[in-house]
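Visitor:
Residue numbers (the UniProt record's numbering), protein chains in the order written: chain S, 1 to 382; chain C, 1 to 382.
#1: Would you mind working out which of C:142, C:148, C:323, C:152 sits nearest residue 169 of chain C, comparing C-alpha positions?
#2: Quick one: list the residues of chain C neighbouring residue 181 of chain S, beta-carbon separation under 7 angstroms, in chain order.
#3: In the DSSP assignment, find the alpha helix (DSSP H) that holds residue 313 of chain S and state where it starts and stops.
#4: Between the stretch 225-242 of chain C and chain S, which residues of the former have a C-beta closer than 8 angstroms to a C-beta of the latter?
#5: Which of the three DSSP states is assigned to residue 362 of chain S in this structure?
#6: So, under 8 angstroms CB-CB, residue 116 of chain C and residue 149 of chain C are touching, yes? Tell me the CB distance rounded to an integer number of Å.
#7: Give the DSSP-derived three-state secondary structure of residue 206 of chain C in the structure shown.
#8: Here's the rule I'm using: 16 or more other beta-carbon atoms within 10 Å means buried, otherwise exposed. How should residue 20 of chain S be labelled?
#9: What do you get for residue 181 of chain S, buried or exposed, if any count of 16 or more other CB atoms within 10 angstroms of its CB means buried?
#10: Run through DSSP, which three-state label would residue 138 of chain C get?
#11: Can you name, in chain order, every residue of its own chain whose Cβ lies under 6 angstroms from the Cβ of residue 318 of chain C, other than the five neighbours on each side?
#12: Taking 8 angstroms as the cut-off, decide whether the C-beta atoms of residue 328 of chain C and residue 362 of chain C are in contact.
#13: Using Cβ-Cβ distances below 8 angstroms, what residues of the stretch 267-291 of chain S are close to chain C?
#14: Below 7 angstroms CB to CB, which residues in the same chain sit around residue 17 of chain C once its five sequence neighbours on both sides are set aside?
#15: Tell me whether residue 101 of chain S sits in a helix, a strand or coil according to DSSP, three-state version.
#16: Going along chain S, which residues have a C-beta under 9 angstroms from residue 216 of chain C?
#17: Residue 189 of chain C lies in the alpha helix (DSSP H); which residues open and close that run?
#18: Give every residue of the same chain whose Cβ lies closer than 7 angstroms to the Cβ of residue 249 of chain C, excluding the five residues on either side of it in the sequence, and list them in chain order.
#19: Please report whether the beta-carbon of residue 260 of chain S lies at a distance below 8 angstroms from any beta-carbon of chain C.
#20: Name the DSSP bridge partner or partners of residue 195 of chain C?
#21: At a CB-CB cut-off below 8 angstroms, which residues of chain C make contact with residue 213 of chain S?
#22: With respect to the beta strand (DSSP E) encompassing residue 91 of chain C, which residues constitute its N-terminal and C-terminal limits?
#23: Going by other Cβ atoms of all chains shown within 10 Å of its Cβ, with 16 needed for buried, is residue 284 of chain S buried or exposed?
#24: Do we get a CB-CB distance below 8 angstroms when we pair residue 306 of chain C with the residues of chain S?
#25: With a Cβ-Cβ cutoff of 8 angstroms, do residue 207 of chain S and residue 233 of chain C count as a contact?
#26: Could you spell out where the beta strand (DSSP E) holding residue 45 of chain C opens and where it closes?
#27: Alpha carbon to alpha carbon, how far is residue 370 of chain C from residue 326 of chain C? Give it in angstroms, no decimals.
#28: Looking at C-alpha atoms only, which residue of S:247, S:308, S:293 is the closest neighbour of residue 271 of chain C?
#29: What is the rounded straight-line gap between the Cα of residue 43 of chain C and the Cα of residue 66 of chain C?
#30: Are the beta-carbon atoms of residue 8 of chain C and residue 85 of chain C separated by less than 8 angstroms?
#31: For chain C, is any of its Cβ atoms less than 8 angstroms away from the one on residue 313 of chain S?
#32: Counting C-beta neighbours from all protein chains within 10 Å, is the total for residue 224 of chain S 16 or more, i.e. buried, or is it exposed?
#33: Are residue 192 of chain S and residue 152 of chain S close, meaning C-beta to C-beta below 8 angstroms?
#34: Provide the residue span of the beta strand (DSSP E) that contains residue 10 of chain C, from first to last.
#35: Hey, does residue 220 of chain S have any beta-carbon neighbour from chain C nearer than 8 angstroms?
#36: So is residue 372 of chain C in contact with chain S if we call contact Cβ pairs under 8 angstroms?
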């Protein structure tokens with residue numbers, strides 16, 4: 001019996017054109033290439049979070065090393081083989097193209113989307129990759145005028161290997177509840193384009209007690225708490241402002257199992273129900289018109305990047321069905337820190353282990369989360 | 001067969017002395033008494049969150065009305081009877097005594113703790129309350145010198161109805177990972193005093209996109225997301241800084257089912273395992289020495305104030321056992337907004353419904369969460 005397909009829907013790539021773009025910059029986000037005098041660590045450094053750009057450290061030790069796992073399709077395939085992944089839906093990593101000059105954003109997005117589509121086509125057409133398949137989430141020129149964004153959403157339908165778009169939480173600069181996004185949401189809805197929503201900006205340092213507090217534990221507070229909260233806040237703002245009322249066809253896939261939305265959905269629902277600002281005014285109740293649970297069951301998919309059974313169970317329960325949760329790895333982030341370069345990645349194994357642990361006897365549920373749901377929802381031809 | 005005990009461990013009271021204290025102030029936290037000219041809403045207004053104190057609104061409409069449910073023991077008992085609650089462990093509501101002048105803090109804490117103990121004693125000794133029992137979490141003079149805090153922790157053991165303390169997330173002003181708290185943690189450990197950890201300060205408005213974004217949906221963002229994140233950040237900072245390594249006997253009960261800790265514990269564990277700052281240095285791994293799961297299973301209890309099954313299941317799963325989760329109501333907050341003053345409270349029924357829904361066939365589990373765990377952990381004599 002053939003092994004069921006394992007599809008990784010949360011896996012990032014920095015194509016060469018994107019590495020070049022970041023290397024040309026000197027403010028966040030940027031890639032710093034240490035000088036020979038700054039060795040022994042001679043890998044370029046990727047500085048993508050404001051908290052990475054600590055001026056008290058030399059640039060050669062800020063951020064994280066960018067090795068070939070970030071930009072090499074061979075490395076991506078090696079990672080897939082090592083972990084039994086048969087298909088990866090690659091996406092540009094944060095912060096995507098959020099920082100681009102409005103004038104150049106559309107052209108850059110088109111180039112990168114074409115590159116991604118071509119790379120997937122080349123991979124999938126090759127006989128030498130043992131059947132490993134690649135698809136992509138495209139990127140949008142969100143700093144460009146809305147008409148450019150809409151035109152790229154429509155154009156992406158002509159790229160056969162692009163199966164949706166990845167997006168951050170800032171939208172056009174004012175968050176995802178910005179009424180100026182309505183045309184974008186209409187275009188996403190009418191083209192049935194799935195949005196993979198991913199955090200980048202985290203929370204302000206002051207939320208954690210200030211930069212000194214954050215610095216004590218490296219990236220843990222921004223990554224472990226800031227990222228999930230950013231996603232939760234973004235989706236909550238969409239929900240509270242009625243985006244899902246006005247655009248009931250929107251389809252969002254939320255990174256990191258929805259941040260904390262599955263756990264907090266009940267509290268959000270309760271706070272809305274008890275909010276005096278939303279009391280009916282002239283017979284019409286203010287605020288969101290649909291239950292957050294209805295939105296979760298209708299408009300939202302969750303990845304399974306949550307590293308533990310309690311979270312994964314809550315994600316499945318909040319999503320309303322095992323049909324709405326999809327395996328992912330977050331590669332190339334969270335690599336093993338040990339010396340064994342051939343070891344399986346703890347970050348991947350803990351997510352796979354949570355799926356196994358939730359469904360020790362239910363092969364059908366495991367098959368859906370590991371790949372079946374992604375194949376169905378994204379329409380992957382494997 | 002007698003009904004099993006229902007114990008509410010998350011239920012607040014503003015004793016008359018506390019109402020008087022807040023009424024004497026004009027900056028957050030304070031109680032504003034509208035003038036007759038400002039009627040028709042003549043209830044005093046409680047302004048406890050910075051976001052409540054919106055200068056664009058008249059004071060008579062800021063915050064929320066303080067009616068007799070905040071300070072009346074008769075009202076507390078009526079609420080208990082209406083919802084089948086046999087015992088309440090009352091606690092001062094946020095922000096407790098965090099704002100007090102250091103010189104007066106110890107004396108005020110002693111007075112309020114004595115008042116709470118006396119009120120519980122009077123209630124429990126009375127034949128006229130149909131067996132309804134009251135106990136209390138005391139408050140600590142956290143703005144006072146550490147020796148005053150320690151002395152009050154020790155003194156509280158002599159107050160027979162005080163079964164622990166309630167505390168916010170600021171500690172002595174610098175958070176719960178402040179090394180200056182070590183003497184306080186030692187006193188809490190040596191006296192086996194449970195800490196009920198409760199949020200108050202939320203997140204800065206900038207985390208939500210600014211005050212204008214927050215204002216659009218009343219209290220929803222600060223209460224639904226800011227409060228749970230505050231708790232999660234506070235406990236994570238304790239964990240990351242080694243508080244639970246140095247004080248392995250600490251017992252914390254976390255409000256709102258731990259904020260988001262049950263959902264994010266796996267991600268925290270993974271981020272710690274992948275954090276370069278924590279890589280072993282000279283053979284000794286840096287950072288927290290214990291697994292977050294071990295801390296959850298050993299040092300942490302969770303209330304069941306989470307308003308939905310997905311969250312409650314995750315809380316129980318993360319706590320490691322149905323023995324570590326306890327029913328609560330958050331009374332007098334989240335009252336019904338409708339006209340039926342005799343109606344059961346949605347906020348209470350949704351939490352009870354989640355417990356019923358998680359354990360449709362398991363009366364023993366329900367009995368533990370609804371009261372058995374609180375009786376055992378707090379040593380309640382019912």
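Positions of the beta carbon are idealized from the N, C-alpha and C atoms, including for glycine. Only a predicted model underlies this, so the values are computations on that prediction, with no experimental measurement involved.
Guide: To lay it out plainly:
#1: C:142
#2: Per Cβ cutoff of 7 angstroms: no residues; residue 181 of chain S is ~14 angstroms from chain C at best.
#3: 309-319
#4: 225, 228, 229, 232, 233, 236, 237, 240, 241
#5: coil
#6: Going by Cβ atoms, the distance from residue 116 of chain C to residue 149 of chain C rounds to 17 angstroms, so no, they are not a contact pair.
#7: helix
#8: exposed
#9: buried
#10: strand
#11: 262, 265, 296
#12: no
#13: 267, 268, 269, 270, 271, 272, 273, 274, 275, 276, 277, 278, 279, 287
#14: 111, 112, 115
#15: coil
#16: 177, 237, 240, 241, 277
#17: 182-190
#18: 189
#19: yes
#20: C:165, C:252
#21: 175, 177, 237
#22: 87-92
#23: exposed
#24: yes
#25: yes
#26: 45-47
#27: 6 angstroms
#28: S:308
#29: 6 angstroms
#30: yes
#31: yes
#32: buried
#33: no
#34: 7-13
#35: yes
#36: no
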